[in-house]
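Numbered according to full-length UniProt numbering, the sequence shown terminates at residue 169, and the numbering increases by one at each position without gaps.
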Amino acid sequence: MSLLPVVRATWAPKGVTPVLHHRFSWKRMSMAGVLAYRHDRSRSAFVFSMTDGAYNTDKLIEFLTELRTHFAGEKVIVIWDGLMAHRSRAMTAWLDTQRDWLHVERLPAYAPELNPIEQVWGNMKSTELANLCPDTLDEVRIATESGLTRIGSSYDLCHSFLDHTGLSL
Numbered sequence: 001m002s003l004l005p006v007v008r009a010t011w012a013p014k015g016v017t018p019v020l021h022h023r024f025s026w027k028r029m030s031m032a033g034v035l036a037y038r039h040d041r042s043r044s045a046f047v048f049s050m051t052d053g054a055y056n057t058d059k060l061i062e063f064l065t066e067l068r069t070h071f072a073g074e075k076v077i078v079i080w081d082g083l084m085a086h087r088s089r090a091m092t093a094w095l096d097t098q099r100d101w102l103h104v105e106r107l108p109a110y111a112p113e114l115n116p117i118e119q120v121w122g123n124m125k126s127t128e129l130a131n132l133c134p135d136t137l138d139e140v141r142i143a144t145e146s147g148l149t150r151i152g153s154s155y156d157l158c159h160s161f162l163d164h165t166g167l168s169l
C-alpha cells in the first residue's frame with residue numbers, strides 16, 4: 001500500500017471530469033495476511049499485520065510467531081507465493097525448527113490466481129482504498145484496517161476467496 005491512490009471508476013455530473021488530487025509520494029507500507037480455514041469449512045479466520053516499508057525475513061518470522069500464538073495448539077499449513085523473504089536461508093532454517101506445528105506449501109511461480117490472499121488485497125483495494133487520496137500512511141492504515149476487519153468478519157467472503165482459486169481443503 002502506498003500514498004498513491006487506487007484509481008477506480010466513479011460517477012460524476014455530466015460534463016465534470018472527476019479529478020484525484022494527491023501528493024505523488026512513494027511512501028509505502030506492507031501487509032502480511034493469513035486466511036485460515038478449518039478442513040470441514042465450519043470456520044474461517046483472517047489474521048493480518050502491517051509494517052512501514054517492506055516485509056523482510058525477520059518481520060515475517062515475527063508475524064508467524066504471533067500466528068502460532070493465535071492458533072495455539074493447532075497445526076497450520078501456510079500456502080506461500082514466491083516472495084524472496086519466504087525463500088531466504090534464514091526463513092528456511094527457522095521453518096525447519098517449526099515443523100511440529102507449521103507446514104509450508106509453495107505456490108507455483110507467477111500464479112497469483114491460486115493465492116486466496118490476493119483476492120483479499122483486491123477486494124480491499126477496490127472498496128476501502130478506491131479513489132482514496134491520503135496525505136499520510138496513517139490514513140492508509142486506518143482505511144486498510146477497516147477493510148481487512150470487514151473481510152475477516154465475513155465467513156462467506158473468506159470462503160469465496162478460496163473458492164475463487166479452485167483449490168480445496
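For glycine and all other residues, C-beta sits at the position ideal for the given N, C-alpha and C.
{"Query": "Meets three-Cβ-pair contact criterion under 8 Å: the stretch 56-63 and the stretch 84-103", "Result": "yes"}
{"Query": "Own chain residues within Cβ distance below 8 Å of residue 115, not counting five before or after", "Result": "79, 81, 107 and 165"}
{"Query": "Environment of residue 134 [buried if 16+ CB atoms lie within 10 Å]", "Result": "buried"}
{"Query": "Chain-order list of residues whose beta-carbon lies under 7 Å from that of residue 122 (same chain, five-residue window excluded)", "Result": "none"}
{"Query": "Cα-Cα separation between residue 37 and residue 136, rounded to whole angstroms", "Result": "34 Å"}
{"Query": "Beta-carbon proximity check, residue 52 vs residue 31, cutoff 9 Å", "Result": "no"}
{"Query": "Residue 155 versus 120, 103, 11 and 8, residue with shortest Cα-Cα distance", "Result": "120"}
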